[in-house]
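Here is the structure we will look at.
Numbering (our numbering), first residue to last: 358 to 729.
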């Protein structure tokens with residue numbers, strides 16, 4: 358298809374961000390959780406983000422966890438118990454993410470792989486999604502394809518010498534595939550300096566377009582700024598949106614539209630109660646923690662125990678404590694003694710601002726609204 362044959366689309370970057378990103382409005386799909394917060398004064402998890410291992414085969418300049426404990430992995434038995442506990446609390450979906458590249462997960466003692474995690478989560482009733490930077494899905498067993506709701510592929514390999522023609526999804530249904538890419542400058546250096554990265558150019562976008570040409574059923578290509586640079590998403594949108602819209606012949610590429618403000622919602626943080634992030638201790642001591650969010654790593658490029666709600670062995674107690682804190686103190690948790698407010702002084706970055714704004718409104722400003 359040539360540019361003159363481009364399909365007629367009305368592309369709304371904000372609407373596509375809502376549809377294909379974790380953003381505030383999606384919470385309105387979970388009226389049972391909102392009702393529980395208002396009327397039962399109880400928090401329930403919705404989505405579990407799990408980084409089962411820290412190993413990775415890329416060295417991205419924009420890696421948000423570049424200083425993580427690289428050799429850590431979560432034993433399969435501990436994953437099983439955490440998923441059981443969270444499912445009992447009401448968790449609905451599981452996002453297997455990094456850390457490293459989750460497709461490389463393997464329990465070194467017992468041999469289970471990510472395929473076993475997918476099977477077990479599905480048996481418990483989770484909807485499963487995966488984020489990976491692999492250009493070849495060789496580590497994914499085709500027998501689990503039907504158990505995976507979606508799979509998002511980061512396109513950093515295009516900057517590592519992999520051509521669009523080399524991507525091999527091995528029969529995974531393309532209608533459940535999405536692509537993502539981070540815009541970055543050549544001056545940004547890879548954390549471990551294992552390979553050079555030239556930075557994003559117009560050629561980078563052209564490669565993405567070619568990849569979609571080869572896999573036209575893919576759902577979307579989500580492009581974002583470097584989350585390590587405050588306010589970068591707006592800069593990227595202004596500079597790159599015209600380029601992307603001029604080159605995108607399929608109408609599937611969009612710049613993640615999160616507005617100008619990636620600062621915390623000062624009045625309260627609740628996202629850890631509904632979207633917990635499970636990852637290794639920064640000490641590499643074998644413990645795995647339930648963290649408040651994925652954004653907290655942006656301050657130090659590793660996990661921070663100040664943002665830990667407890668270890669995975671304590672999951673039932675963590676949620677009981679959050680609900681009790683909310684009923685008695687008015688907030689589910691605090692960091693650095695902030696008494697549940699003043700998060701703008703506690704956190705530098707936050708990509709859950711609108712989630713927290715909605716949850717705060719439900720928790721404190723709409724006591725008579727019945728979501729049931």
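All residues carry an ideal CB built from backbone N, CA and C; glycine is no exception.
These figures come from a predicted structure and were not determined experimentally.
Report yes if the C-beta of residue i is less than 8 angstroms from at least one heavy atom of the ligand MN; otherwise report no.
i: residue 642; result: Absence of the ligand MN is noted for the structure shown, with no ligands found whatsoever.
In the DSSP assignment, what residue or residues form a beta bridge with residue i?
i: residue 486; result: 452 and 507
i: residue 410; result: 430
i: residue 665; result: 648
i: residue 470; result: 463
i: residue 416; result: According to DSSP, which records beta bridges pairwise, residue 416 is partnered with nothing at all.
i: residue 493; result: 525
i: residue 578; result: 536 and 610
i: residue 405; result: 451
Mind reading off the beta-carbon distance from residue i to residue j? Whole number of angstroms is fine, and I expect it under 8 angstroms.
i: residue 627; j: residue 682; result: Rounded, the Cβ-Cβ distance is 11 angstroms, inconsistent with contact.
i: residue 672; j: residue 385; result: Actually they are not in contact, since the Cβ atoms of residue 672 and residue 385 sit about 26 angstroms apart, beyond 8 angstroms.
i: residue 618; j: residue 710; result: 6 angstroms
i: residue 536; j: residue 565; result: 7 angstroms
i: residue 451; j: residue 408; result: Not really, about 12 angstroms apart at Cβ, beyond 8 angstroms.
i: residue 510; j: residue 489; result: 6 angstroms
i: residue 424; j: residue 656; result: That pair is no contact at about 11 angstroms.
i: residue 395; j: residue 719; result: 6 angstroms
i: residue 524; j: residue 453; result: That pair is no contact at about 20 angstroms.
In its own chain, which residues sit with a C-beta less than 6 angstroms from the C-beta of residue i, not counting the 5 before and 5 after it?
i: residue 736; result: Any property of residue 736 remains undetermined from this structure, which presents the chain solely from 358 to 729.
i: residue 412; result: 457 and 461
i: residue 429; result: 411, 637 and 641
i: residue 612; result: 370, 580, 594 and 598
i: residue 527; result: 494
i: residue 705; result: 656
i: residue 515; result: 564
i: residue 680; result: 399 and 400
i: residue 482; result: none
i: residue 691; result: 697
i: residue 543; result: 555 and 556
i: residue 589; result: 582 and 583
Spatial neighbours of residue i within its chain, please: CB distance less than 8 angstroms, with the 5 preceding and 5 following residues excluded, ordered by chain position.
i: residue 717; result: 622, 624, 625 and 627
i: residue 559; result: 600 and 604
i: residue 699; result: 623
i: residue 533; result: 505, 506, 507, 508 and 576
i: residue 436; result: 407, 409, 474 and 477
i: residue 432; result: 464, 466 and 467
i: residue 361; result: Interpretation of residue 361 is limited by its pLDDT of 40, a score under 50 that renders its predicted location unreliable; the figure taken from the coordinates is listed afterwards. Once the five neighbours on either side are set aside, residue 361 has no close Cβ partner at all.
i: residue 675; result: 647, 666 and 667
i: residue 419; result: 539, 541, 545, 583, 584 and 585
i: residue 684; result: 398
Would residue i count as contacting chain C if we go by Cβ distances under 9 angstroms?
i: residue 688; result: Of the chains in the structure shown, none is chain C; there is only one protein chain.
Could you name the residues of the same chain whose beta carbon sits closer than 7 angstroms to that of residue i, not counting the 5 residues immediately before and after it, in chain order?
i: residue 427; result: 411 and 412
i: residue 390; result: 401, 403 and 631
i: residue 644; result: 638 and 668
i: residue 531; result: 572, 574 and 575
i: residue 562; result: 600, 601 and 604
i: residue 421; result: 584, 585, 654, 655 and 658
i: residue 701; result: 620, 621 and 623
i: residue 502; result: 529 and 530
Mark residue i as exposed unless 16 or more other C-beta atoms lie within 10 angstroms of its C-beta, in which case mark it buried.
i: residue 609; result: buried
i: residue 723; result: exposed
i: residue 448; result: buried
i: residue 578; result: buried
i: residue 359; result: The predicted model places residue 359 with a pLDDT of 37, which falls under 50 and marks its position as unreliable, so this point remains unresolved.
i: residue 397; result: exposed
i: residue 555; result: exposed
i: residue 520; result: exposed
i: residue 434; result: exposed
i: residue 440; result: buried
i: residue 335; result: No information on residue 335 is available, as it lies outside the stretch 358 to 729 that the chain covers here.
i: residue 486; result: buried
i: residue 512; result: buried
i: residue 499; result: exposed
i: residue 686; result: exposed
i: residue 393; result: buried
i: residue 592; result: exposed
i: residue 492; result: buried
i: residue 469; result: buried
i: residue 455; result: buried
i: residue 629; result: buried
*At 4 residues or longer, and completely inside the region 584-656: list those alpha helix (DSSP H) runs for me, N to C.*
589-604 and 628-631
*asked:* In chain order, what are the residue ranges of uninterrupted alpha helix (DSSP H) at least 4 long that sit wholly in the region 521-571?
replied: 559-571
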